[in-house]
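Position 58 (the sequence shown) corresponds to 724 in the numbering used here; numbering is contiguous. Below: the structure, in C-alpha cells.
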Amino acid sequence: MEDLPLLDQPPRERADAARNRALVLQAAWRLYTSGGVEALTTDAVAQEAGVGKGTVYRRFRDKSGLVSALLDDKEKELQLAMISGPAPLGPDAPPTERRIAFVHAYLDYVQSHLDLLLASETAAPGARYRLGAYRFWKTHLTLLFTHPTPPTTPPTPTIKTTPPPTPKTTPPPQPPDPEFRAHTLLSLLDAALINHLRTEGWSWTRIRTGIDQEARR
667 MEDLPLLDQP
677 PRERADAARN
687 RALVLQAAWR
697 LYTSGGVEAL
707 TTDAVAQEAG
717 VGKGTVYRRF
727 RDKSGLVSAL
737 LDDKEKELQL
747 AMISGPAPLG
757 PDAPPTERRI
767 AFVHAYLDYV
777 QSHLDLLLAS
787 ETAAPGARYR
797 LGAYRFWKTH
807 LTLLFTHPTP
817 PTTPPTPTIK
827 TTPPPTPKTT
837 PPPQPPDPEF
847 RAHTLLSLLD
857 AALINHLRTE
867 GWSWTRIRTG
877 IDQEARR
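Right, here's the structure in full:
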C-alpha cells in the first residue's frame, strides 16, 4: 500500500571511526541507564567510552546529537515493523487498524524513552518537526488517512414518500485534509505534551485511551 523510505542511512565509516562510534553509543547507553539524560555529558561519555572528548564532539557535536543517535536504532526498529512487519502495524490490515496500531506502538516507544525524546524534540525551537523520524511518521499517517477504512452501516430500508421540495444547492463539504490530520494526531504524541500530562498526574492508561479514541476518528 505504501512506499516509505527509512531514515537516511549514515555514510560509510572507516573501521576505526565505526568502532569509536559503537564505543561511544554503548557508553552513552550505560550512563543513560544508570543516570538518565542528565548523565549524558560529553566528558562523562568520553571517559566511559575510553576515547577523547574530541572524538565524541566530532561525531555527535553536542548532547542533542548524542541523544538523536541513541534513539536512531529504536526508531528504525519501529519503521521496519511498519513497512514489513506483521499486521496490524505492518501491511495487510485496514488503514484504521494500522493507524491505531501505530499509535499504540509509538506510545510504547515514548513510555520507554520519554526523557530522551523530550531532550531530542526540544533541543531547539521547532526541532521536532525537522527530525527525519517525524517526517516518516507524518508520511505514514498521511497515507493511512488518504485511504480510510470505509464505515460499515446497515442498508437503509426504502420507504416510498412524497419527495420534498428541492432545496437550494449548497457547496459540498470539503473532505478532511489527510496531511493535516496526520500532523494533528502526531501533536498528541508530542513528548512535551505527554511529559506535561504525566507531571499533572495522568496515568499512562488515561493517556493511551484518549489518544486511541482520537486515532479512531
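Just so it is clear, CB atoms sit at the ideal spot from N, CA and C, and this is done for glycine as well. Remember, it's a predicted structure, so these values are computed and weren't measured experimentally.
Using the three-state DSSP reduction, which class does residue i fall into: helix, strand or coil?
i, result
"K834", "coil"
"H862", "helix"
"G702", "coil"
"L755", "coil"
"G716", "coil"
"H849", "helix"
"W803", "helix"
"G889", "There is simply no residue 889 to check, as the chain begins at 667 and stops at 883 in what is shown."
"L840", "Leu is not the amino acid found at residue 840; the sequence shown has Gln there. Of the three classes helix, strand and coil, the one that applies to Q840 here is coil, per DSSP."
"R872", "helix"
"L855", "coil"
"H760", "The displayed chain sequence assigns Pro, not His, to residue 760. Three-state DSSP puts P760 in coil, outside helix and strand."
"D728", "coil"
"E880", "helix"
"H813", "coil"
"R765", "helix"
"T721", "helix"
"L697", "helix"
"L797", "coil"
"T708", "helix"
"M667", "In this prediction, M667 scores a pLDDT of 49, lower than 50, which makes its location untrustworthy; no coordinate-derived value is stated."
"R685", "helix"
Could you compute how far the alpha carbon of residue i sits from the alpha carbon of residue j?
i, j, result
"M667", "P757", "Low confidence applies here, because M667 scores a pLDDT of 49, under 50, leaving its location unreliable; read the following figure in that light. Taking the straight line from one Cα to the other gives about 7 Å."
"H862", "W868", "9 Å"
"V769", "K834", "42 Å"
"G716", "L783", "26 Å"
"R680", "T708", "22 Å"
"R727", "L773", "29 Å"
"T850", "D739", "26 Å"
"A857", "E787", "7 Å"
"R685", "Q777", "30 Å"
"A789", "L732", "11 Å"
With a CB to CB cut of under 6 Å and the five nearest residues on each side skipped, what residues in its chain are close to residue i?
i, result
"E845", "T808"
"I766", "A881"
"R764", "P754, L810"
"R847", "F811"
"A785", "V703, V733"
"R874", "L773"
Return the chain-ordered list of same chain residues with a C-beta closer than 7 Å to the C-beta of residue i, the five sequence neighbours on each side being excluded.
i, result
"G702", "D781"
"A705", "L697, Y698"
"W803", "L852"
"L854", "I877, E880"
"L691", "A735, L736"
Would you say the beta carbon of residue i comes nearer than 8 Å to a heavy atom of the ligand ZN?
i, result
"V776", "Ligands in the displayed structure: none, and consequently the ligand ZN is not present."
To which residues of the same chain is residue i closer than 8 Å at the C-beta, ignoring the five residues directly before and after it?
i, result
"T865", "none"
Given 8 Å, three or more beta-carbon pairs between the stretch 720-731 and the stretch 758-770: no
Does the structure place the stretch 744-752 close enough to the stretch 783-798 that three or more beta carbon pairs sit under 8 Å? The stretch 783-798 is not in contact with the stretch 744-752.
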